[in-house]
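Report on one structure; see the data block that follows.
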Amino acid sequence: MSSRLFSSVLDIATPGRFPRTQKWVWRRVYNILSLFWSDADWRFMNYGYLPEGEPFPLKPEDEPERVFIGLYQQAVAGLELEGKHVLEVGSGRGGGSRYIARYYAPAAVTGMDYSPETVRRARRLNDDTPVLSFENGDAENMPFADGSFDIIVNIESSHCYGDVPAFSREVSRVLKSGGWFTFADMRPKSQLNSLDVQLGAPGLELVEHRNITPRVIAALDAAETRKSERIGKSRLLRRFMSEFSGSKGSVLYKGLKSGSVVYVARRYRKAR
Ligand SMILES: C[S@@+](CC[C@H](N)C(=O)[O-])C[C@H]1O[C@@H](n2cnc3c(N)ncnc32)[C@H](O)[C@@H]1O
């Protein structure tokens, strides 16, 4: 797939333009990816985050996925997770939920994703982790009772949603009073202001906002070799995967570098 064609697909999949088509396209993409991409040592589908300074603690077996775990580590750093009920919305192959379940002693972690094949893949890849489960469900209409969770995590998933305000209202509904919503994703620079309006459902107070683009670019650079070795294995999908995974030279990598695409992190708290 040429970069120009990929740009057109991105255009259709860009939040706000064709919401229903966008949602349908992404679901197909993730179903197909999860069906055919069976690598047991690949539990993440994000661009990563490389913090400055001292590296955060990780078990040796998790080191290969450090940069992808980094997005989760920065999302939950400083939050009290022990004994808490955590929901990840858009949990993908489950690596982020698995990291939280294994490192922070929560009571339970539920990963939810709207791609049924991705949920099946996540269950297979993470069946070694107690307190962790995966469910099929839509961010815009979650299958959970009001006030079910202490913490909701959402990493690089919201750009797929047809209705981000509906997602934010659902977050506010299923969070307990005093609970935290921690979010990270990218948007075209021109959409940043509307993203903040869309995420601010009644009951959610914005506590922290950061532009993490430089740390995401550093992670993309650090992961380039591992990714290109993996991508190189599948000739048919090579071009698509290279664009999709943000390899150097891809449309999204260039967008992040030039500032036309921005990767942000937000933290909200539900009023007590
Ligand atoms: C780029 S992947 C990120 C996965 C994971 N958060 C990670 O960092 O590895 C985006 C995920 O969001 C899921 N997703 C997209 N739209 C969704 C929706 N409306 N409800 C729930 N999950 C959704 C996709 O199926 C996909 O697994």
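Here the sequence shown is numbered in the working numbering, starting from 426 and rising by one per residue.
Ideal Cβ placement from N, Cα and C applies to all residues, glycine included.
In this structure, how does DSSP classify TRP462 when only helix, strand and coil are distinguished? In the structure shown, TRP462 sits in coil (DSSP, three-state: anything other than H, G, I, E or B).
Return the CA-CA distance between ALA526 and THR554, expressed in angstroms with no decimal places. About 7 Å.
In three-state terms, what does DSSP make of TYR586? The answer is coil: DSSP assigns TYR586 none of H, G, I, E or B.
Pull the bridge partners of MET611 from the DSSP assignment, please. Under DSSP, MET611 shares a beta bridge with TYR688.
Whole-angstrom distance between PHE493 and ALA644, CA atom to CA atom: Computed Cα separation, rounded: 8 Å.
Alpha carbon to alpha carbon, how far is ASP487 from ASP466? Cα to Cα, ASP487 sits roughly 10 Å from ASP466.
Does DSSP put ASP487 in a helix, a strand or coil? In the three-state scheme derived from DSSP, where H, G and I count as helix and E and B as strand, ASP487 is classed as helix.
Let me check understanding here. Comparing Cα to Cα, which of ASN551, LYS614 and ASN618 lies closest to LEU677? Considering only alpha carbons, the answer is LYS614.
Within 10 angstroms of its Cβ, does SER685 collect 16 or more other Cβ (buried), or is it exposed? The residue in question, SER685, is exposed, as its Cβ has fewer than 16 Cβ neighbours within 10 Å.
Delimiting residues of the beta strand (DSSP E) encompassing ALA533: That run of the beta strand (DSSP E) goes 533–538.
Among all the DSSP beta bridges, which residues are the ones paired with TYR529? BP columns for TYR529 are empty, so no partner.
Would you grab the beta carbon distance between PHE559 and SER516 for me? Rounded to a whole angstrom, and I think it's under 8 Å. Taking the Cβ atoms as the reference, PHE559 lies roughly 6 Å from SER516, within the contact range of under 8 Å.
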